[in-house]
Structure formats: structure tokens, C-alpha cells
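Some notes on the structure that comes next.
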DNA sequence: GTCTATAAGGAGATAGAC
DNA sequence: GTCTATCTCCTTATAGAC
């Protein structure tokens, strides 16, 4: 556990698996492809991890753990500064989306890691979804109460709707940055985390402060 | 093409495939599982569709075509009413997200269809992504110019960033409605399209109108 | 810990009778 | 158009030598 050796077989597998999962998806990335990139033997995966499912979980946990820890630490600092008062909305949102978007810069892997991270949300499969709930359940709860403290007048149902929108906007940006570059004709550069965070926080904060939708009907329907 | 027979083998396959893809994902849903639900023979899939890839495309096109047509028709009506003036932002956004969210109500399948529709955005695979660009390219371009006309003072780079956020929030809501019910403790009901649309439009319109993010401190500048 | 060899099964696709 | 039977390939996983 305390080993640091870089040529470690266990780590070689983890790195190659991460890249393959990000590039091809969990199903399409076979263990055989992973070992060919890692330069290790097929049996080594089962020796070190036991199964493909366990490998997926290990790949995921290595990145998600630090991100969620950073989120909670930043939220702690915000709450400490605010005392009993209202929390600053932009800072709370930045604490939620910033660490995830900055993951691209922290890792030498760059955008590859981001795709993996964002993709898991959309992927089906009981095992993955259980893992997600386990990894993110606490973070979601903490940020739900923090956002409530940042926008106290917002009813609770609207709060949860809007949290879902935040998660969706963040996830899509993380998962599929290339599409933004494409549709903008190269005008936007999603690989720059600072610009991404600034744009995202401004948009989401305004959304959180939006006046409540009227119960009224929608626009006239064409038939 | 003009056939209406409901027990049609071709349609039975399409229905079963849609459900299986939505439930399990494109990779995990095997043709053998699809035929067992449809009650048809394995060879029938290849006779009617040729390959699994072509089947995926057929499943997708059946739903996306009408949705995109509805989007463009509503946008046409909005632009006709507005003449040369500024477009009403809420209505443009509603034209974009409404038809997709209402898909759940129009189809007897309900939420199943929604999951399929939203999931495809996040899925990897060259073939799927090419198909997406082909199916949605025109719609994205039309709505980009429409949104620009609705928020004329917004710089073009911010416009594309925010469009990406819109697509993400909408897609996540469509793809994974159950998570909202879960994290809200049953307070929010994502299966009610009208509430979902109202909440989503209010949030996104406010986001589109957000002041531009500053580079470092509070100094929102306009172009 | 790492290797070879192989097990055991599921996948998509097809040929040819009816 | 529909069926049975089968082909070929690739997957995860394991047993056992070194």
C-alpha cells in the first residue's frame, strides 16, 4: 500500500485501464486491450484486482476520492468564514464544480480523465450506479444544505430541481468537452479550466437566483 | 413504409430494442435478449436491419426525428411572430427543451424512451457520435442563431458556453430522472413534464441572462 | 508475482431449408 | 419472411508451472 515504485504493475494496469475506459467506455474496453497498453500479463489483472468490476471501481475511486475531498474542504472553509450568515452562492458553486473541472490540469492525463469521470454518471448498470451513490451521496447532501443556506428564500423542491441542473451542466462539460469546441467553431477552448469555471459559475449562480417559475401554462401548442 | 400492422415483426424488434437499449445500454443489450422480448427470431434482426449498428440508428431516428421537427416548427412560429425584433428568450428555450421532455408523455413507453434519448449523448463510440452530429447539427445551428437573437448583447463565446450548459442540464434531466427523485427524497417528480419544463426554462433563461464573468474580481464588462 | 494455456461462454453474423 | 443450425471471433476468468 505504501509503495511508490512507478513501474509498479498494479499502477501500470490502473493507468492503462483509465485511459481505455475513458476512450472506449467500460464495456467496450476489454481487459486484453488494457494489458497490451500496460505491457503486463492478462492474469496480472485478476491477481491484483480480482475482476473487471473491481478494476473499474479502483480506477474510479482513485480520481473521485481526492476531488470530493477538495470539494468538502473548500465548503468547510466557506462555512467557517460565513459563520451563521448567508453563504456566498458563487463560492459554493465553485467549490462544487471547480475541483472536478480542475482535474484535467492536476493529472498528466489531461482531458482523458475528465471524460471518464463525467461518463460514469450516464452509464447504466447496477454496479456502477450503486458505486456512484456511495461515492457521491455524502457530497450531494452537504451541498444541498449549503446551497439552501446560500439561497434561503428558495423552496426546497426548486432547490433540488436546480441542483439536478447544476450536476447536468457540469457533467456534460466534463464528459464531452470536444463538442463545445466543435459547435463553437473553435471559439471556445474547454481545456482551459479557469475559463470553463468562470463561465459555468456565472451561469449556474444566475440560474439558482432565478425567480420561481409561474404555475401557468406553456407557450401555445402547435398541432 | 406505409405499413401500419401493429404486430409487424420489424416494429416488434424496434420496440424491444428500444427498451433494452434504454435499460442496459447499447453494448450490454444483446440481440439475443432483444429477440427474446420481441418474440421473434434472431435472424429476423439481420433480415430487417442488417446489423446491430443499423438497428441502433433506426431506434434512435424514430424518436429523434419528430422531436427535432417539433423543435424547428416551434422556433419557426416564434421567429414569425417576432418579425425583425428580439426573440423571447423563454420561448426559444422552451422550443428547445420542451419537445424532448414531452417525449415521455407522447409515447406509451414513458420514461424508458427518455433514458435512451439522453444517454446517447454521453456514450462513446465513433459511430454513435457521427450519428449524433448528423441528427442534431442542424438543430444546434438554428438554435445558436435564435439564442443570439434572444440575447443580442451576449458575446459569441459566452453564447456557446451557455448553450453547452443548456444541453447538459436538459440531457441529464432526460437521461437520469430517477436520481432527482432520489436526492430530493421524493419531493420532486421528474415524470411530470410540465413541472420539469417550467423549472428548467426558468433556470436556463436566468443563466442565459447572467452578467458576464469577470476575469478576476467583480468588474462585469460588456462588449 | 508473473507467465502459458485453456476453460467456458456469449457475442454478432450467415447459410440454407421451409 | 421466418426458422434452425452453425460459424467465427472475442470476452472474462482460472489452473498450474516457474
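Residue numbers (my numbering), protein chains in the order written: chain A, 2 to 224; chain B, 2 to 224. Where a beta carbon is used, it is the ideal one built from N, C-alpha and C, also for glycine. Model, not experiment: these values are computed from the prediction.
For residue 30/A, there is no enclosing alpha helix (DSSP H), as DSSP marks it with neither H nor E. Annotated as proximal: residue 54/B and residue 128/B, with beta-carbon spacing under 8 Å. Neighbours of residue 200/B across chain A, judged by C-beta separation under 7 Å: 159, 162, 214. Between the beta-carbon of residue 73/A and that of residue 143/A there is about 6 Å, and that keeps the pair under the 8 Å contact cut. Between residue 153/B and the set 103/B, 87/B, 69/B, the nearest pair of CA atoms involves 87/B. In this structure, the alpha-carbon of residue 163/B lies about 10 Å from that of residue 210/B. Along the region 181 to 194 of chain B, the positions whose C-beta sits under 7 Å from a C-beta of chain A are 181, 184, 185, 188, 189, read in chain order. Scanning chain A for C-beta atoms nearer than 8 Å to the C-beta of residue 141/B yields 184, reported in chain order. Think of a sphere of 7 Å around the beta carbon of residue 100/B: no beta carbon from chain A falls inside it, the nearest being about 10 Å out. Not one beta carbon of chain B lies nearer than 8 Å to the beta carbon of residue 46/A. Look at the region 19 to 30 of chain A: the residues with a C-beta under 9 Å from a C-beta of chain B are 23, 24, 25, 26, 27, 28, 29. Cβ-Cβ distances below 6 Å link residue 35/A to 17, 18, 21 in the same chain, with the five nearest sequence neighbours on each side left out; the list follows chain order.
Less than 8 Å separates the beta-carbon of residue 198/B from that of residue 95/B.
Around the beta carbon of residue 193/B, a 10 Å sphere encloses fewer than 16 other beta carbons of the protein chains shown; the residue is thus reported as exposed. Residue 204/A has a beta carbon lying within less than 8 Å of a beta carbon in chain B. Excluding sequence positions up to five before and after residue 160/B, its CB lies within less than 8 Å of the CB of 145, 148, 149, 152, all in the same chain and listed in chain order. If you draw a 10 Å sphere on the C-beta of residue 62/A, you find fewer than 16 other C-beta atoms in it, and that means exposed.
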